[in-house]
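Worksheet for the structure shown next.
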Amino acid sequence: MPAPKKKKTIHGAVSRRTALMPTAKSELSSLKMKLKVLQRVNEIAARTFDVQPLLDRAMDLVTEIAPSEAGSLLLLSSDRTTLKFSIVKGPAAPKLEGLEVPVGQGIAGWVAKTGIPLIVNDVASEPKWKKEIADNVEFPTRSILCVPLKSRAEVIGVVELINKLRDEDYNDDDLEIIELLGAHLSTLIENSRLYSEAREKVERISAMAETSALISSSLDVKRVLETVMTVAKDVIDAEASSIFLYDEEKHEFFFEIATGDAGDAVKQIRVPWGKGMVGWAAEHMQTLLVPDVTKDPRFYSKVDEKSKFITRNAITVPLKPKNKLIGVAQVLNKKGGLFSLEDVELFETLARQAAVAIENASLYTDLQELFLNSIRTVVSLIDAKDDYTAGHSSRVTQYSLMIADQLGFGPEDRKRLELAALLHDVGKIGMPDAILKKPSGLTAEEFAIVKDHPNKGAEALEPIKQMKAIIPGVRYHHEKLDGKGYPAGLSGEQVPLDAQIICVGDSYDAMNSDRPYRKGLGMEESVRRLRQDSGTQFNPKLVEAFVKALEEDK
3 MPAPKKKKTI HGAVSRRTAL MPTAKSELSS LKMKLKVLQR VNEIAARTFD VQPLLDRAMD
63 LVTEIAPSEA GSLLLLSSDR TTLKFSIVKG PAAPKLEGLE VPVGQGIAGW VAKTGIPLIV
123 NDVASEPKWK KEIADNVEFP TRSILCVPLK SRAEVIGVVE LINKLRDEDY NDDDLEIIEL
183 LGAHLSTLIE NSRLYSEARE KVERISAMAE TSALISSSLD VKRVLETVMT VAKDVIDAEA
243 SSIFLYDEEK HEFFFEIATG DAGDAVKQIR VPWGKGMVGW AAEHMQTLLV PDVTKDPRFY
303 SKVDEKSKFI TRNAITVPLK PKNKLIGVAQ VLNKKGGLFS LEDVELFETL ARQAAVAIEN
363 ASLYTDLQEL FLNSIRTVVS LIDAKDDYTA GHSSRVTQYS LMIADQLGFG PEDRKRLELA
423 ALLHDVGKIG MPDAILKKPS GLTAEEFAIV KDHPNKGAEA LEPIKQMKAI IPGVRYHHEK
483 LDGKGYPAGL SGEQVPLDAQ IICVGDSYDA MNSDRPYRKG LGMEESVRRL RQDSGTQFNP
543 KLVEAFVKAL EEDK
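So the sequence shown is residues 3 to 556, counted in our numbering.
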C-alpha cells in the first residue's frame with residue numbers, strides 16, 4: 003500500500019501550493035505597485051527642485067494610487083502651531099488652498115500632533131473630525147485617510163485623502179502604499195528645503211555684494227539707504243523696513259527711510275529717546291529681536307496708531323559706526339512666520355552697511371572688508387555643517403594667500419583669490435548632512451554627489467556679477483595636473499592658477515585636520531605627501547612656495 007500513500011502526500015502538497023497562490027499573487031501585485039510608486043516618485047523628483055510644482059505632481063500621484071475624490075498636503079508652520087493647506091486636489095481646492103488649521107484639531111491636526119496615521123471610514127461617528135471645514139467649503143465628506151510626513155523623526159506635515167471612489171472604504175493596503183509615498187514625499191520636501199536654503203544664501207550674498215558695490219560707488223546717501231532697506235525687506239521677506247536717525251538736539255528719532263505700504267504715512271512721526279524698541283536698541287546699543295510685539299512692554303504703539311500699520315514682530319538694530327550712535331534700523335513683520343537668527347545676522351550686516359553709508363559714502367576699504375565679513379558669515383554656515391571641517395574655508399584662504407604672497411600677487415589678484423578660496427566649498431550648502439558627516443567611506447553614489455559640489459558652487463555664484471572672476475577658482479579647485487581630477491578632467495595649464503593654489507591649500511588642510519575616521523597627519527607628513535604628489539596632482543612651484551611660507555610662519 004505504499005504507492006497510494008505517496009500519491010496522497012503529493013496531492014496534499016499540490017493542494018497547499020495551490021491554496022497559497024492567491025496570496026503570492028497578491029504580494030507580487032503589491033510589490034509591483036510599490037516599485038511603480040517609487041519609480042514615479044523618482045521621475046517627479048528628477049524634473050525640478052522647485053517645491054511647489056514638485057509637490058503638486060506628487061499629490062496627483064497620491065490621489066491616483068488610492069483613488070479619491072480629493073486630497074491635500076498640509077505643511078506644519080515654523081512655530082509648529084498650525085497646518086497650512088499647501089497643495090489641494092479636488093473640487094474644494096480654490097477654497098482650501100492657503101487655509102490654516104490649528105495643530106491638534108480635526109483629524110489632520112490630530113495626526114500632525116501625534117505622528118500616528120489614521121483611517122476613518124465614517125467621519126460622522128469620529129469625535130476627532132471637525133465638520134465645520136467640510137461645511138464651509140461645501141464638500142460632503144464620508145471617509146478620510148491621513149498619514150504624517152516626517153523628516154528626522156519630526157512631523158513636518160500630513161497627507162490627507164478624502165472619499166475613496168466607488169463608495170469603497172480605505173484599507174490597510176491604501177495606508178501602506180500612502181505611507182510609503184509619504185516617506186518619499188518627506189525626502190523630496192527636505193531636499194527642496196535644502197535647495198531653497200542654498201538659493202536663499204546665494205541671493206543674500208548677491209544682495210550684500212550689490213549694496214556694497216552701490217555704497218562704494220555712490221555719494222547719494224539717500225539713494226544708498228533706500229536701496230539697502232529695500233534689499234533688506236525683500237531678502238529677509240518682511241513687510242516693511244526703515245531707518246531712524248537720531249536728532250541730538252531734540253533727543254528723539256525721526257524716519258529717514260521707510261519702505262512698505264505705510265512708508266509715506268510714518269515720515270512725520272518722531273520717537274522720543276528711550277521709547278519703544280527703537281529707543282531701547284539705541285539706549286542699550288544692542289540688537290533687539292521681538293517675536294510678538296503685543297507681549298513686549300518695549301513696543302511703542304503710537305507709531306502704529308498714527309500710520310495705521312499693524313506691527314507683529316520686529317528686528318531693531320542700532321546704527322553705530324565706530325561705536326557712535328547715529329540712528330536705528332528696523333525691519334517689521336516676517337511674512338508667513340517669525341524672524342530667524344539668520345535674518346537677524348543678515349539685517350545686522352545690512353544695518354552696518356547703512357551706517358557706513360551715512361557716515362561716509364566713500365569709505366571703499368571699510369565697505370570691502372564689510373563685504374568680506376558678510377561672505378565669511380555665509381562661509382561659517384557652510385563649515386558649520388560638519389564639526390570636523392569647522393574653520394576649513396578660513397584656513398584654506400589663509401594658506402592660499404600665503405602662496406599668493408610668495409608669488410608676489412598684486413592687490414586685485416590677491417582679493418580675487420581670497421574670495422575664491424573663501425567660497426570654494428559653497429556648493430556644499432545644499433548637500434545632505436548624512437553624506438558630509440558620514441564617519442565611514444562613501445558609496446559610489448554618495449561620492450558622485452560630493453564630486454559635483456564644485457559645479458554646484460560655480461552655478462550658485464554665476465548670477466552674481468561681482469563673482470564672475472572667482473568662478474574658475476571655485477569650479478576647478480579639485481582638478482589635477484595629470485587630468486585625473488574633477489569635475490572637468492582638466493590637465494596642466496588648463497587648470498586656472500587660482501584653482502591650482504586653492505587645491506594645494508585645500509589638500510593640506512584636509513590632510514592636517516582630524517577626521518571621524520583618522521587623526522590629522524601633522525605638518526611634516528602633510529608636506530611630504532604634497533611633495534610626493536607634485537607634478538601629478540599639484541603644481542611643484544606652488545607646493546614649494548607653500549612649504550617656504552610654512553617655514554617662515556613657524
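Built from N, CA and C at the ideal position, the CB exists for glycine as well. This structure is a prediction, so every number in the text was calculated from the model and none was measured.
Expressed to the nearest angstrom, what Euclidean distance is found between the alpha-carbon atoms of residue i and residue j?
i, j, result
"Gly106", "Glu181", "20 Å"
"Glu162", "Gly73", "6 Å"
"Glu102", "Leu177", "25 Å"
"His253", "Ser88", "48 Å"
"His426", "Ala551", "21 Å"
"Ile437", "Glu448", "7 Å"
"Gly108", "Lys336", "28 Å"
"Ala240", "Val333", "7 Å"
"Ala185", "Ser194", "14 Å"
"Arg317", "Phe301", "Going by the sequence as given, residue 317 is Ile instead of Arg. Using only the alpha carbons, I get a separation of about 12 Å."
"Gly100", "Leu75", "11 Å"
"Arg354", "Ala114", "41 Å"
Does the beta-carbon distance from residue i to residue j come in below 8 Å?
i, j, result
"Gly159", "Leu147", "no"
"Val273", "Gly262", "no"
"Ala211", "Gln539", "no"
"Asp298", "Val292", "yes"
"Lys132", "Ser145", "no"
"Ala283", "Ser309", "no"
"Ala406", "Ile503", "yes"
"Ala547", "Gln400", "no"
"Pro474", "Ala501", "yes"
"Gly117", "Tyr248", "no"
"Thr445", "Glu350", "no"
"Leu227", "Glu250", "no"
"Gly410", "Leu483", "no"
"Val271", "Ile179", "What sits at residue 271 in the sequence shown is Ile, not Val. Cβ distance not < 8 Å, so Ile271 and Ile179 don't count as in contact."
"Pro119", "Gly111", "no"
Along the chain, where does the beta strand (DSSP E) containing residue i start, and where does it finish?
i, result
"Gly159", "156–166"
"Arg272", "272–274"
"Leu559", "Residue 559 lies beyond the stretch modelled for the chain, which goes from 3 to 556, so this question has no answer here."
"Glu99", "No beta strand (DSSP E) holds Glu99; DSSP gives it neither H nor E."
"Pro299", "Neither: Pro299 is in no beta strand (DSSP E) and is coded neither H nor E."
"Ser145", "Where Ser145 is concerned, there is no enclosing beta strand (DSSP E), given that its DSSP letter is neither H nor E."
"Ile317", "316–321"
"Leu523", "Where Leu523 is concerned, there is no enclosing beta strand (DSSP E), given that its DSSP letter is neither H nor E."
"Ile121", "120–122"
"Leu291", "290–292"
Starting from residue i, trace the alpha helix (DSSP H) both ways and give me its first and last residue.
i, result
"Leu419", "413–424"
"Thr116", "108–116"
"Pro456", "455–463"
"Thr399", "394–409"
"Val305", "304–309"
"Ser88", "It is not in any alpha helix (DSSP H) - Ser88 instead sits in the beta strand (DSSP E) that spans 84–91."
"Ala512", "499–514"
"Pro542", "542–554"
"Ile135", "133–138"
"Val476", "473–477"
"Val280", "278–286"
Can you find a heavy atom of the ligand COA that lies under 7 Å from the Cβ of residue i?
i, result
"Leu552", "In the structure on display, the ligand COA does not appear, and there are no ligands present to speak of."
Comparing C-alpha positions only, which one of the options sits nearest to residue i?
i, options, result
"Ser127", "Thr143, Val139, Ala114, Ser382", "Thr143"
"Pro465", "Ser188, Tyr197, Leu196, Val204", "Val204"
"Asn173", "Val157, Ser153, Asn123", "Asn123"
"Ile312", "Val319, Val295, Pro320", "Val295"
"Val476", "Lys326, Ser244, Leu421, Pro413", "Leu421"
"Ala450", "Ser395, Val237, Thr84, Pro489", "Pro489"
"Glu461", "Gly432, Val346, Glu414, Ser395", "Gly432"
"Leu523", "Ile179, Gly92, Tyr510", "Tyr510"
"Arg533", "Arg520, Lys324, Met513", "Met513"
"Asn138", "Lys130, Val149, Lys97, Arg154", "Lys97"
"Gly92", "Asp58, His455, Glu192", "Asp58"
"Gly338", "Arg397, Asp81, Arg530", "Asp81"
8 Å is my cut-off, CB to CB: does residue i come that close to chain D?
i, result
"Pro320", "In the displayed structure, chain D is absent; only one protein chain is listed."
* Inside the stretch 326–359 only - beta strand (DSSP E) runs reaching at least 3 residues -> Taken in chain order, the complete beta strand (DSSP E) segments of 3 residues or longer contained in the stretch 326–359 are 329–336.
* To do: Any chance you could list the beta strand (DSSP E) runs of at least 3 consecutive residues sitting entirely within the stretch 184–254, in chain order?
  => Taking 3 residues as the shortest admissible run, the stretch 184–254 contains the following complete beta strand (DSSP E) segments, listed from N- to C-terminal end: 240–249.
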